[in-house]
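Numbering (my numbering), first residue to last: 643 to 927. Just so you know, even glycine gets a beta-carbon here, dropped at the ideal spot from N, CA and C.
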């Protein structure tokens, strides 16, 4: 008769799992607490938002901040919101069109100088964006795009990161699918449009979300090229809500909530595709 000796493997595995869950909960709190505080402050009155120490629950719950940003003719926040939505959406679509075609040609087509071209495109990622503000301003000024929607949509639509990201994803797709399409009589455009793009939905969704966020959060470029109050996008527009001598926290936080909603909704809807796109991109160089 033999007796089994207890092992510490199970307990060690349990401790590691507990530590992992505790770390994940702590990270979740780090990201969620500022969002919760933003929403709570937006529901406070001006006086309650100035209290020290601050209270976690608004008492009473007030829509003061939202009333101020929605009924303020001097600062048309809703117009800024619509401008940002239109600019970010159109910008994302343009990035998908330009990056997908460029990435496919660099991943699948054989031509002289392909490697050098790809290296030059990736090399532009190391150029500081602020150094391009003046050249881009001179270009859009010559095109008469200053203070129009096009000036925050078109510049940056040729995304070097998008080309790199999609190229890596296209390289992970099996060549046999394209060879089968060629045998069926498909030309290069049909292979790209009907075979490669449908298989690349996760990567395309990921790039669309990242491009949307980049344009949606852009603050510096719109300041240089948008001058009319009705043409502003949300990031520079919300900066106008900050007073010179008084900070109205409920109003500012209400504007921040309005700016955060599309981003949060977009991420919730596309998170599955984002995880798939990031996990598959970069598998093959």
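Whole-number beta carbon distance between residue 858 and residue 929, since they are thought to touch under 8 Å: Outside the shown range of the chain (643 to 927) lies residue 929, about which nothing can therefore be said.
Local Cβ density within 10 Å of residue 798, reported as buried at 16 or more and exposed below that: If you number the chain shown from 1, residue 798 lands on position 156. Residue 798 is buried by the Cβ-count criterion.
Alpha carbon of residue 816 to alpha carbon of residue 733, nearest angstrom: Reading the chain shown from its first residue, position 174 is the one you call residue 816. Reading the chain shown from its first residue, position 91 is the one you call residue 733. One C-alpha to the other measures close to 30 Å.
Assigned exposure category for residue 900 - 16 Cβ within 10 Å defines buried: Translated into the one-based positions of the chain shown, residue 900 becomes position 258. Buried, by the Cβ-count rule.
DSSP state of residue 914 mapped onto helix, strand, coil: By one-based count along the chain shown, residue 914 stands at place 272. Residue 914 falls in the helix class under three-state DSSP.
Buried/exposed call for residue 809, threshold 16 Cβ in 10 Å: In the chain shown, the residue the question calls residue 809 occupies position 167. Buried, since its Cβ has 16 or more Cβ neighbours within 10 Å.
Closest Cα partner of residue 792 within the set 803, 779, 804: What you label residue 792 is simply residue 150 of the chain shown in a count that begins at 1. The residue with the shortest Cα to Cα distance from residue 792 is 779.
Any 3 or more C-beta pairs closer than 8 Å across the region 890-906 and the region 681-693: yes
Reduced DSSP category for residue 656 - H, G, I as helix; E, B as strand; rest coil: Taking the first residue of the chain shown as 1, we reach residue 656 at position 14. If DSSP states are grouped into helix, strand and coil, residue 656 belongs with the helices.
Residue 876 burial status per 10 Å Cβ neighbour count (16 or more: buried): Along the chain shown, one-based indexing puts residue 876 at 234. It counts as buried.
Within 7 Å, strictly: CB atoms of residue 807 and residue 842: Taking the first residue of the chain shown as position 1, residue 807 is located at position 165. Taking the first residue of the chain shown as position 1, residue 842 is located at position 200. The answer is no: Cβ separation not under 7 Å.
Residue 847 vs residue 749 beta-carbon contact at 7 Å: Reading the chain shown from its first residue, position 205 is the one you call residue 847. Reading the chain shown from its first residue, position 107 is the one you call residue 749. Cβ distance not < 7 Å, so residue 847 and residue 749 don't count as in contact.
Assigned secondary structure, residue 739 (DSSP; H/G/I helix, E/B strand, else coil): The residue given as residue 739 occupies position 97 in the chain shown. Note: residue 739 maps to helix in three-state DSSP.
Whole-Å CB distance - residue 849 paired with residue 738, under 8 Å assumed: If you number the chain shown from 1, residue 849 lands on position 207. If you number the chain shown from 1, residue 738 lands on position 96. Right, their Cβ atoms sit about 6 Å apart.
Residue 665 versus residue 856: straight-line alpha-carbon distance, rounded: Along the chain shown, one-based indexing puts residue 665 at 23. Along the chain shown, one-based indexing puts residue 856 at 214. Going from the Cα of residue 665 to the Cα of residue 856 covers about 29 Å.
Proximity to residue 906 [Cα-Cα], best of 871, 863, 869, 852: Taking the first residue of the chain shown as position 1, residue 906 is located at position 264. It is 852 whose Cα lies nearest to the Cα of residue 906.
Residue burial classification, residue 713 (beta-carbon count within 10 angstroms, cutoff 16): Taking the first residue of the chain shown as position 1, residue 713 is located at position 71. Exposed, because fewer than 16 other Cβ atoms sit within 10 Å of the Cβ of residue 713.
Reference residue 787, options 825, 663, 868, closest by Cα: Position 145 of the chain shown holds residue 787. Closest option to residue 787, Cα to Cα, is 868.
Span of the alpha helix (DSSP H), counted from its first residue to its last, around residue 787: The residue you call residue 787 lines up with position 145 of the chain shown. Where residue 787 is concerned, there is no enclosing alpha helix (DSSP H), given that its DSSP letter is neither H nor E.
Residue from 904, 802, 829 whose Cα sits closest to the Cα of residue 723: The count along the chain shown starts at 1 and reaches residue 723 at position 81. Comparing Cα positions, the closest option is 904.
Residue 686 in three-state terms, based on DSSP: Stepping through the chain shown from its first residue, residue 686 is reached at position 44. DSSP places residue 686 in coil when its eight states are reduced to three.
DSSP three-state assignment for residue 769, whether helix, strand or coil: Working through the chain shown from its first residue, we reach residue 769 at position 127. DSSP places residue 769 in coil when its eight states are reduced to three.
Coarse secondary structure for residue 879, derived from DSSP in three states: The residue given as residue 879 occupies position 237 in the chain shown. Looking at residue 879 - three-state DSSP - the assignment turns out to be helix.
Rounded Cβ spacing between residue 834 and residue 746 (contact assumed at less than 8 Å): Within the chain shown, numbered from 1, the residue matching residue 834 stands at position 192. Within the chain shown, numbered from 1, the residue matching residue 746 stands at position 104. About 5 Å separates the two Cβ atoms, so the contact holds.
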